[in-house]
Every structure is written in C-alpha cells, then in structure tokens.
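> Per the working numbering, residue 2 is the first one in the sequence shown, and the count goes up by one each step. C-beta atoms are modelled at their ideal positions from N, C-alpha and C, and glycine is treated no differently. Note that this is a predicted model, so its numbers are computed, not measured. Sharing a structure here in structure tokens format.
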Amino acid sequence: MEDKNKKVTMQDVAKKAGVSYQTVSRVLNNSCNVSPSTKEKIENAIAELKYVPNLLAQQLAKKDRNVIGIVNTSVPSVAVTEVSSLCRKYALEAGYHIALTLASANDYQSISDAILELKAQIITKVVINMPVDSSDAIKLTEEFPDVTLIFIDVDPYCPVFNVTFNPADGTLFSVSHLRELGHHKIAILAGPEGISSSESRLKCWREGIRINNLEEVCFERGDWSTQSGYLATLKMLRDNRDFTAILVANDQMALGAISALSQNNLSVPEDVSVIGYDDYQDSAFYLPPLTSVHLDRDMQCKLTISKLINENEPKASSVLPTTLVIRQSTANTNLRNSNVKNLVKALREAANLLEK
Numbered sequence: 002m003e004d005k006n007k008k009v010t011m012q013d014v015a016k017k018a019g020v021s022y023q024t025v026s027r028v029l030n031n032s033c034n035v036s037p038s039t040k041e042k043i044e045n046a047i048a049e050l051k052y053v054p055n056l057l058a059q060q061l062a063k064k065d066r067n068v069i070g071i072v073n074t075s076v077p078s079v080a081v082t083e084v085s086s087l088c089r090k091y092a093l094e095a096g097y098h099i100a101l102t103l104a105s106a107n108d109y110q111s112i113s114d115a116i117l118e119l120k121a122q123i124i125t126k127v128v129i130n131m132p133v134d135s136s137d138a139i140k141l142t143e144e145f146p147d148v149t150l151i152f153i154d155v156d157p158y159c160p161v162f163n164v165t166f167n168p169a170d171g172t173l174f175s176v177s178h179l180r181e182l183g184h185h186k187i188a189i190l191a192g193p194e195g196i197s198s199s200e201s202r203l204k205c206w207r208e209g210i211r212i213n214n215l216e217e218v219c220f221e222r223g224d225w226s227t228q229s230g231y232l233a234t235l236k237m238l239r240d241n242r243d244f245t246a247i248l249v250a251n252d253q254m255a256l257g258a259i260s261a262l263s264q265n266n267l268s269v270p271e272d273v274s275v276i277g278y279d280d281y282q283d284s285a286f287y288l289p290p291l292t293s294v295h296l297d298r299d300m301q302c303k304l305t306i307s308k309l310i311n312e313n314e315p316k317a318s319s320v321l322p323t324t325l326v327i328r329q330s331t332a333n334t335n336l337r338n339s340n341v342k343n344l345v346k347a348l349r350e351a352a353n354l355l356e357k
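Structure (structure tokens):
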C-alpha cells in the first residue's frame, strides 16, 4: 500500500522521468547542459508528483550562490540604511539577492561572528557596512580567505578591499568656506572616538583650521545620533559661547546642534553657522537647509556591488571624492549686524510715516 505521507524525493522524480537524479539536479539548478525535451519530462514529473525542491540542498550544490551578504551595525543610522538600500538596488540589477545580518557591537569579534553567520549560508561575498578599525579589517580579511570582504567605512588607505571617501576634500572645503565668510573661532562636534571615519574627519578639520589660521575654541564628541548632537552643543554653549561656527561630523548630529542653538535663542546662520557631513537626502529640508559635505553614496554602492561580483577585480582601495554643498545654514559673520541695521532703518521709516 502506498504511503501518502511519504515525502517525494529527487530520486522519485528521476525514476518517473526516466533519467538520472543528477539530471534532475541540473534542471533544478538551471543548468544549460540539459536538452529541452529532457527538461520538459522532468518538469512534468515534478508537477505530477508535486515535488518540492530542497532549497538548501540546491544552494549547497551551487559553486557560487547569487547572494551578497551585508553586515550592518546595530546602531541606528541614516547612512547605514541608505547604503543597505542602494546595495540591494544594484545587487538586484546584477541578478543577486541580499542577505542582511547585524553585528552586535562595533568590534572585531562581533563582526567576525556576523561573517560566520553569513558563511554558514554559503555566502562568499560580503559588504561590511559599518566602521572598522584598520587592524581589525586586516585581521578579518586574513581570517576569512574564502570570503570576499569589501569595506565601505574604513581608512581609505588601509590595505584591504574597500570603496571609501577621501575625507580631506570636503573637510578642507568646509573650513575654507567658513574663513571666506569671516569666521575665525570654530567649534568642532566630532563623532565617536576610535572610529576611522570620525577620526579622519577630525584630523582633516584641524589641519584645515591650522592652514587657514583659524582657532578651534570648543570641542565635543557625539555618537552620530541627533540627541548626542543636541546634548554636546548644549555643553559647548555652557562651557564656551565664544564661537561663530560649528563643524559637525554628520547631519544627524547637526540637526541636534541646530535645535540646541534655537532653544538658546541663537539663530542659524545669523548667530552661528553650522556645517554637517554626509549630505543626507533630508538635509536639504532642514530648517534652515543644511550646508553639508556630500558623499555620493549611490556611486559608492554601485561601485561596491560591481567590484564584489567581478571575480577579476583587483582587491584594492577605491577612494571617491567629496564635495561641499552650500545651503542656508552658513552665512557671513556680519549678517546679524546687517539685519539689525535693516531693522533699525525700517523702524525709523515707520516712525517717520507716523509723524506725517
């Protein structure tokens, strides 16, 4: 008596179609080395027997799965979300799917564990979408020689496979822009200590301040979040109000800085100019629209996926330029004086009209 609960196997399909189970496997894995007539017989047998393929077995049978892994930081970030979305877009266009995993912390062991999780799924191409110290990036590359790792937030000159940005361009443009507007006393709101992108931006800002003969009068750090930018700016205002501009390590913290200034009756840019970093899509809609260092994330992600799937691509650094997008959060230092003069003039004209 036939067991109705018996699971149909690949061998059952092969027997029904009159072929070997290896031929059935080739059809299931879309191999081109099967004749159309044989393929049709196998597909008919699959339909008749209601065979459900074992997807994991198919994946294990493939020498190279069309799946790209992405390791994200567990810290909420606009940049991380944007990069994940863009990588998925370009992966799908290239015929690949995306598998996401989170590293529980920004340290070597957590990233290694996340890569192992992807490797267990037979994924051999991985984007590391989080800040990584240079020494850790080198160790990870050595630990996983059979996995192609590409880093997008590491020192641009670290000898690992990466697609990153040159921090010098945008940061130096930012400082020069402030000097041209008449600013001399600058506050810096940096990112977390020890993070490659944070430290490189800070280093370039300070070099720009030195070159332009300006003065750094205040310094605080945040953790990339809007709240940390808000709290750090409040502390700077308590400790030292003697600055006319703030350089901020990302746009999220810049939003918090603008809020803190506003709550202390300081207008941007009339009282204090603010420059962000990253130039998120929403930054043009801040109040006021934010002057920010632009990173072409679209180009970065397109290049990352292209290099990752090209087996012949040299495993080297690709360093992309950054630019400064000037909007309404920066202004000349005499703007407030000019506004006061215009207000006085308007009041005098109004008084003259009343006297007539």
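1) So, helix, strand or coil for LYS7, using DSSP?
2) Suppose you measure from the CA of ASN313 to the CA of ASN214; what does that come to, to the nearest Å?
3) In this structure, does DSSP put VAL345 in helix, strand or coil?
4) State yes or no: is the C-beta of MET131 nearer than 6 Å to some heavy atom of the ligand SAM?
5) If the criterion is Cβ atoms closer than 7 Å, does the pair LEU87 and ARG298 meet it?
6) Pair every Cβ in the segment 323-332 with every Cβ in the segment 148-159, then say whether three or more of these pairs are closer than 8 Å.
7) How far does the beta strand (DSSP E) with GLU271 in it extend, from its first residue to its last?
8) Relative to the C-alpha of ASP137, which residue among ASN107, ILE123, THR165, ILE124 is closest?
9) Determine the DSSP secondary structure at ALA246, reduced to helix, strand or coil.
10) Going by DSSP, name the residue or residues bridged to TYR278.
11) Examine the Cβ distances between the segment 74-81 and the segment 40-49 and report whether three or more of them are shorter than 8 Å.
12) For GLU200 and THR334, I'd like the C-alpha separation in whole angstroms.
13) In chain order, what residues of the same chain have a beta carbon less than 7 Å from the beta carbon of MET2, not counting five sequence neighbours either side?
14) Out of curiosity, what's the CA-to-CA distance linking SER38 and SER21?
15) Whole alpha helix (DSSP H) runs in the segment 90-124 with 4 or more residues, listed along the chain?
16) Within the same chain, show all residues whose beta-carbon is closer than 8 Å to that of VAL53, passing over the 5 residues directly before and after it, in chain order.
17) At what residues does the alpha helix (DSSP H) containing LEU321 begin and finish?
18) Compare the C-beta of SER319 against all C-beta atoms of chain C and say whether one is closer than 7 Å.
19) Answer yes if the segment 286-295 comes into contact with the segment 227-235, meaning at least three C-beta pairs across the two stretches below 8 Å, and no otherwise.
20) Using the Cα positions of PRO290 and ILE123, report the straight-line distance between them to the nearest angstrom.
21) Just to confirm, are LEU190 and ILE259 a CB contact at a threshold of 7 Å?
22) Is it buried or exposed, ALA18, if we count other Cβ atoms within 10 angstroms and call 16 or more buried?
23) From the DSSP secondary-structure annotation, give me the bridge partner or partners of LYS186.
24) Check for me: the alpha helix (DSSP H) holding ASN195 runs from which residue to which?
25) Thinking C-alpha only, which one of SER307, PHE145, SER105, ASP154 is nearest ILE129?
26) Excluding the 5 residues flanking VAL345 on each side, which residues of the same chain have their C-beta closer than 8 Å to its C-beta?
27) One question on the structure: do GLU217 and ILE196 come within less than 7 Å of each other, judged by their Cβ atoms?
28) Label LEU117 either buried or exposed according to how many other C-beta atoms from any shown protein chain fall within 10 Å of its C-beta, with 16 as the threshold for buried.
29) Which residue from VAL133, PRO193, SER263, THR305 puts its Cα closest to that of ALA224?
30) Would you call the segment 295-311 and the segment 79-96 touching, i.e. three or more CB-CB distances under 8 Å?
31) Tell me LYS51's beta-bridge partners as DSSP assigns them.
32) Using a Cβ-Cβ cut-off of 6 Å (strictly less than) and excluding sequence neighbours within five positions of CYS159, which residues of its own chain qualify?
33) CB-CB under 6 Å to VAL68, same chain, minus the five flanking residues each way: which ones, in chain order?
With the given structure in hand:
1) coil
2) 47 Å
3) Here VAL345 scores only 48 on pLDDT, less than 50, and its place in the model is too uncertain to base an answer on.
4) In terms of ligand content, the structure shown is empty, and the ligand SAM therefore cannot be addressed.
5) yes
6) no
7) Unbroken run through GLU271: none, as it is neither H nor E.
8) ASN107
9) strand
10) VAL294
11) no
12) 28 Å
13) No answer about MET2 holds up, because its pLDDT of 47 lies below 50 and its placement is not dependable.
14) 15 Å
15) 109-120
16) VAL9
17) Element bounds for LEU321: not the alpha helix (DSSP H) but the beta strand (DSSP E), 318-321.
18) In the structure shown, chain C cannot be found, because there is only a single protein chain.
19) no
20) 45 Å
21) no
22) buried
23) GLU216
24) Note that residue 195 corresponds to Gly in the displayed sequence, not to Asn. Here GLY195 belongs to no alpha helix (DSSP H), and DSSP marks it neither H nor E.
25) ASP154
26) With a pLDDT of only 48 at VAL345, under the threshold of 50, the placement of this residue in the model should not be trusted; the figure read from the coordinates follows. Result list for VAL345: empty, nothing under 8 Å.
27) no
28) exposed
29) Checking the sequence, you will find Asp at residue 224 rather than Ala. Closest by alpha carbon: PRO193.
30) yes
31) Looking at the DSSP assignment, LYS51 forms no beta bridge with any residue, so it has no partner.
32) SER135, ALA138
33) HIS98, ALA100, ILE124
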